[in-house]
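Number 357 in the numbering used here belongs to position 192 of the sequence shown; there are no gaps in the numbering. The beta-carbon is built from N, C-alpha and C at its ideal position, and this holds for glycine as well. None of the values given here were measured: they were computed from a predicted structure.
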Amino acid sequence: MGKPKFSRKKYDTPSHPWQEQRIHSENELVRKYGLKNKKEIWKAETALRKYRGQARELLAKVDSDDPQEKKEINQLLTHLTRYNILPLNSTLDDVLALETEAILARRLQTLTYLKGLANTPKQARQLIVSGHIAIADERITIPSYKISKKEENDIGYAPDSPLNDVSHPARPSADFKSKLSKKMLGDESKTEDVKKPKQSPPKKKEQKDEKKKKQTKKPVEGKKKEPATEKKKPVEEKKRKENVKKDEESKKEKDSSSEQKKPAEKPEKKGKESK
């Protein structure tokens, strides 16, 4: 073989180092796929960027009848279908709709975990680097190795690995494998649900109108509800009666106080009466 003539970077760094939304999304991908660092995400993003750039250039020339362009379109789509990044009978529009997770999901590390050969994605990385994982009895120690459709079913433990023993403590249990298979089935059903058009949730105004309608529903016969105005009447009458009583008591007190203040009337003399 010989040394490569030119060594180039396999990834492009982000344009801005401090973007909160991008940092959070990258941290989630690192946890989900058990990646060593963010360079592995950037490698997947650059590969995806190349695929999208090729698709854009080819879409701009679709109307022309050049056989070379048709050949390039077929080569791009067959490459992506061979690695199971895209399904069969896909188009260039499907290439533009791809995301970074579609490429990260085809790594040897993720597929060893999804096959049930390791308990976690990080353990899968450790087993690959230590030489316990092989493809068709050929040991591979590169966690980022891209798996094709043909190689996917040949992933397993290396023939010399002690993990071939069923009673080895590092092997995942049967319960874990069953849970993992259920999880995979749940993810597939979610992807099917995503394809279906989602019904938009009702707006706040519509919810308020529904509540008002429920409140203003007619009562059932035999259980007639009194209107709110009739309920208020007895309360108002009680208050009015109490106010009247208070006024009467205050008048009585005033009358009693005025009688006490008046001087006693003097009796008239008898002499005047005789006259």
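query: Contact the stretch 264 to 276 vs the stretch 331 to 341: 3+ CB pairs below 8 Å; result: no
query: Between the CA atoms of E193 and E185 - distance to the nearest angstrom; result: 13 Å
query: Where V409 falls, given that 16 or more other Cβ within 10 Å makes a residue buried; result: exposed
query: Alpha carbon of G436 to alpha carbon of D412, nearest angstrom; result: Unreliable positioning characterises G436 in this predicted model, as indicated by a pLDDT of 49, which lies under 50. A coordinate reading is not provided.
query: Sub-9 Å separation of N249 and E317 beta-carbons; result: yes
query: Whole-angstrom distance between R214 and L242, CA atom to CA atom; result: 15 Å
query: Beta-carbon proximity of Y278 to H297, cut-off 9 Å; result: no
query: Nearest residue (CA-CA) to I307, options N284, R405, P337 and T275; result: T275
query: Start-to-end residues for the alpha helix (DSSP H) that takes in I206; result: K204 to A225
query: Exposed unless 16 or more other CB atoms sit within 10 angstroms - verdict on W183; result: exposed
query: Beta-carbon proximity check, L223 vs G281, cutoff 9 Å; result: no
query: Coil, strand or helix - E264 by DSSP; result: coil
query: Residues near P286 in its chain [Cβ-Cβ closer than 7 Å; skip 5 each side]; result: Y198, G199, Q274, T275 and Y278
query: Own chain partners of T211 with C-beta closer than 8 Å, once the 5 adjacent residues on each side are dropped; result: K175, Y176 and D177
query: Span separating the alpha-carbon of N284 from that of R290; result: 11 Å
query: Residue environment, E401, which counts as buried when at least 16 other CB atoms sit within 10 Å; result: exposed
query: CA nearest to the CA of A301, picked from I320, S313 and I312; result: I320
query: Inter-residue CB distance, L251 and D258 (contact presumed, cutoff 8 Å); result: Their Cβ separation, rounded to whole angstroms, is 11 Å, which puts L251 and D258 out of contact at 8 Å.
query: P327 versus R304 - alpha carbon distance; result: 14 Å
query: Contact belief for L261 with R196 at Cβ below 8 Å, rounded distance in angstroms; result: Not confirmed; about 27 Å, so no contact.
query: DSSP state of Y176 mapped onto helix, strand, coil; result: coil
query: Residue burial classification, S309 (beta-carbon count within 10 angstroms, cutoff 16); result: buried
query: Minimum C-alpha distance to L292 - residue among E191, P337, K315 and K311; result: P337
query: Alpha carbon of K360 to alpha carbon of R221, nearest angstrom; result: In this prediction, K360 has a pLDDT of 44, which is less than 50 and means its spatial position is unreliable; what the coordinates show is noted afterwards. Distance between the alpha carbons of K360 and R221: 24 Å.
query: First through last residue of the alpha helix (DSSP H) which encompasses Y322; result: Taken as a continuous stretch (DSSP letters only), Y322 belongs to no alpha helix (DSSP H), being part of the beta strand (DSSP E) at I320 to Y322.
query: Limits of the beta strand (DSSP E) - the one that I298 falls within; result: I298 to I300
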